[in-house]
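> This is the structure I have questions about; it appears just below.
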Amino acid sequence: MIYDDPEWLRTSIGFWNVLCFRGVFYGSPFARDDGRHFENLDDWNAFKENKAESYFIVKPAYGSLQGDRSIDRVPEYWEKRHLWEPLINKKDLSLTEVYNFLLHSSVDGGRFEKKKGTKGSNKPTPKKVFVNIGSLTAILIIGDLVYAGVFPMPSPLEWGEFIEKVSKGALDAITMLGLIDKDTTVPQAFVELDEFVNRVLTAEEKAAMTYDVLT
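Residue numbers (my numbering): 3 to 217.
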């Protein structure tokens, strides 16, 4: 299975499989019933032969329809796999750096197109390097890699700092609960929330809901 070997996940092939799982296969019959990994692009091409795209793709896999969710992403991700190892081997790599890496855009390294109907400049518009990897998918990939042992489980303070930097749904939830004020930072609020949950829930309740910092 894809997430069984943390050392393999640190390789370019492992990273390619992670991108394919979250950016292409997630929620599909293939992901549910098979979920195997691929050794290279030839391995993938041989496996997909005579199989309908619907076996691999569910466009609303995360709720909303994703127009870019397609098996066409598999060879695109293959071409970008080499970008992973320089990052993952970086000393003191932060989860925020991984998040930004997954979302970054580049004219040279990514897919791009010229703006239609514009005069003068012929410069292409930067496009995402990892097409169909949005903010939610990037966070899910980070969570997958934490659970797989590639990254250590962050402390409540570290995850609170991450939440503050990425400014997504978890931050909205903390704000909606009224946990942030002029005297309480986002990381502090998350630490206090985690302490509260650990105080009021029993070990059995936390086990039943698989509670940890990420959930």
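We treat Cβ as the ideally placed atom computed from N, Cα and C, and that holds for glycine.
Model, not experiment: these values are computed from the prediction.
#1: By how many angstroms is the C-alpha of Gly29 removed from the C-alpha of Thr177?
#2: Between the Cα of Tyr79 and those of Ser66, Thr217 and Trp46, spot the shortest distance and give me the residue it belongs to.
#3: Going by alpha carbons, who is nearest to Gln68 out of Val133, Gln190 and Pro158?
#4: Sort Asp70, Glu51, Ile15 and Asp174 by Cα distance to Gly25 and report the nearest one.
#5: Skipping 5 residues on each side, what residues in its chain have a beta carbon closer than 7 Å to that of Leu43?
#6: Span of the alpha helix (DSSP H) holding Ile165?
#7: Counting beta carbon pairs with one atom in the segment 90-104 and one in the segment 49-60, are three or more of them shorter than 8 Å?
#8: Can you say whether Glu163 is buried or exposed, counting buried as having 16 or more other CB atoms within 10 angstroms of its CB?
Straight from the coordinates:
#1: Distance from the CA atom of Thr177 to the CA atom of Gly29, rounded to whole angstroms, is 30 Å.
#2: Comparing alpha carbon positions, the residue from Ser66, Thr217 and Trp46 closest to Tyr79 is Trp46.
#3: Of the listed residues, the one whose Cα sits closest to Gln68 is Val133.
#4: Checked all of Asp70, Glu51, Ile15 and Asp174; the closest Cα to Gly25 is Asp70.
#5: Taken in chain order, the residues that qualify are Pro77 and Trp80.
#6: Taken as a continuous stretch (DSSP letters only), the alpha helix (DSSP H) holding Ile165 covers Pro158 to Val168.
#7: Judged by Cβ distances under 8 Å, the segment 49-60 makes no contact with the segment 90-104, as fewer than three pairs qualify.
#8: With at least 16 other beta carbons inside 10 angstroms of its own, Glu163 counts as buried.
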